[in-house]
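Working notes, structure below.
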Amino acid sequence: MRHLMNPLDFSVQELDRLFDLANDIENNMPKYAHACAGKKLATCFYEPSTRTRLSFEAAMLNLGGSVLGFSDANSSSAAKGESVSDTIRIISCYADICAMRHPKEGAPMVAAEKSRIPVINAGDGGHQHPTQTLTDLLTIRSLRGRLDHLTIGLCGDLKFGRTVHSLINALSRYEGMRFIFISPDELRIPDYITEMLRDKQIPYEEVIRLEEKMPELDILYMTRVQKERFFNEEDYIRLKDFYILNKKKLRKAPENMLILHPLPRVNEISVDVDDDPRAVYFKQAQYGVYVRMALILTLLNIQV
Ligand code: NCD
Numbered sequence: 323m324r325h326l327m328n329p330l331d332f333s334v335q336e337l338d339r340l341f342d343l344a345n346d347i348e349n350n351m352p353k354y355a356h357a358c359a360g361k362k363l364a365t366c367f368y369e370p371s372t373r374t375r376l377s378f379e380a381a382m383l384n385l386g387g388s389v390l391g392f393s394d395a396n397s398s399s400a401a402k403g404e405s406v407s408d409t410i411r412i413i414s415c416y417a418d419i420c421a422m423r424h425p426k427e428g429a430p431m432v433a434a435e436k437s438r439i440p441v442i443n444a445g446d447g448g449h450q451h452p453t454q455t456l457t458d459l460l461t462i463r464s465l466r467g468r469l470d471h472l473t474i475g476l477c478g479d480l481k482f483g484r485t486v487h488s489l490i491n492a493l494s495r496y497e498g499m500r501f502i503f504i505s506p507d508e509l510r511i512p513d514y515i516t517e518m519l520r521d522k523q524i525p526y527e528e529v530i531r532l533e534e535k536m537p538e539l540d541i542l543y544m545t546r547v548q549k550e551r552f553f554n555e556e557d558y559i560r561l562k563d564f565y566i567l568n569k570k571k572l573r574k575a576p577e578n579m580l581i582l583h584p585l586p587r588v589n590e591i592s593v594d595v596d597d598d599p600r601a602v603y604f605k606q607a608q609y610g611v612y613v614r615m616a617l618i619l620t621l622l623n624i625q626v
């Protein structure tokens with residue numbers, strides 16, 4: 323039995339197979355309509371979510387399976403003090419696979435140790451968000467045709483943004499990658515990530531101004547400032563509008579650059595960018611459904 327805690331849990335070859343499957347699902351939806359008949363997905367969300375939880379549920383429903391779960395820790399027995407280890411033992415009696423989001427880093431991993439069903443980390447604190455990364459990789463691979471030899475700018479909250487940490491981890495395995503980290507000083511990328519890049523001799527730069535490196539980017543990955551992870555509100559207010567991508571700033575961007583964002587967006591991308599053909603963040607959300615369908619089939623060992 324396999325779980326998904328970190329994008330590195332799958333080899334590059336396994337990821338390729340998963341993305342091939344996701345593209346096949348995209349093009350042949352009806353073929354998969356009953357693949358998970360009789361199977362149940364539990365979504366255990368101890369932290370708010372729209373896309374991740376609903377896209378998991380949509381994915382399972384598209385596969386002909388059913389879903390159960392909770393979307394708020396206060397409506398589960400966590401409010402009575404139950405541990406995630408105990409909760410997952412119970413969920414193992416009710417469902418075939420579980421997607422779990424938790425504010426504590428490592429909580430889904432603790433659950434996986436006691437689980438009798440595959441557990442998917444749907445975001446643990448500021449740590450990892452592997453299924454968002456699968457979504458991001460599938461989007462880039464499908465719209466750009468490859469996952470290597472790319473310059474990617476990651477902009478915004480690089481300190482607390484778990485989608486950023488997961489994505490860098492995953493992309494660091496492909497050849498010819500170059501990273502540009504764009505953030506205010508207070509929200510810089512954590513040292514453990516730059517150390518990993520230095521160890522692997524992967525080039526990266528850290529800059530403060532968004533426009534500076536725009537002409538060099540193949541991908542621009544925007545993120546929101548992670549309000550819920552700040553210790554004090556004043557810092558959040560000071561930093562929340564540090565970057566606002568708008569039409570004017572995009573003038574310097576290459577014609578074929580892709581703009582991704584895990585969403586939700588707050589102010590960091592002005593709505594006038596939405597109809598620019600380079601803005602693919604809504605398409606990205608659609609890819610999130612296909613890749614989660616592929617992931618559910620893979621972890622449940624179901625071949626269609
Ligand atoms: C992200 C998350 O939860 O980390 N959202 C998502 O799952 N698409 C990004 C965010 O909340 O900023």
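Its first residue numbered 323, the sequence shown is counted upward by one per residue in the working numbering. Backbone N, C-alpha and C define an ideal beta-carbon position, used for all residues, glycine too. Since we're looking at a predicted model, the values are computed, not measured.
Please tell me whether residue i and residue j are closer than 8 Å, where the distance is taken between their beta carbons.
i	j	result
E590	L572	no
L326	L542	no
I618	L363	yes
K569	G475	no
G447	K481	no
L469	I504	no
C358	L337	no
Y612	E348	yes
Y565	L582	no
A395	Y416	no
A444	S407	no
D418	K353	no
Y609	T461	yes
T545	V486	yes
A607	L343	no
Going by Cα to Cα distance, which pick from the options is closest to residue i?
i	options	result
M499	A344, V486, L519 and K481	L519
I515	E533, L489, P537 and L532	L489
A355	F378, L337, M382 and F367	M382
F501	A492, L343 and F367	A492
M579	E379, R466, T409 and D458	R466
Q548	D598, K574, G478 and S437	G478
P525	N554, L472 and K562	L472
P537	P576, D521, S437 and P506	P576
Y558	L330, E379, E508 and V529	E508
E528	L539, L585 and P506	P506
K436	S464, S414, R495 and I624	S414
T330	Y496, P599 and I624	Sequence check: residue 330 is Leu here, not Thr. Ranking the options by Cα distance to L330, first place goes to Y496.
When you measure from the CB of residue i to every non-hydrogen atom of the ligand NCD, does any distance come out below 7 Å?
i	result
P430	no
P512	no
H263	This structure gives no information on residue 263, because the portion of the chain shown stretches from 323 to 626.
P506	no
S405	no
T473	no
R484	yes
R411	no
G447	no
R614	no
R373	yes
P425	no
Q606	no
Q548	yes
Could you round the C-beta distance between residue i and residue j to whole angstroms and report it? I think they count as a contact, below 8 Å.
i	j	result
T455	A421	Actually they are not in contact, since the Cβ atoms of T455 and A421 sit about 14 Å apart, beyond 8 Å.
N328	P452	6 Å
R411	H449	Between H449 and R411 the Cβ distance is about 23 Å, and since that is not below 8 Å, they are no contact.
F341	L459	7 Å
S371	R423	6 Å
T409	A401	Not confirmed; about 11 Å, so no contact.
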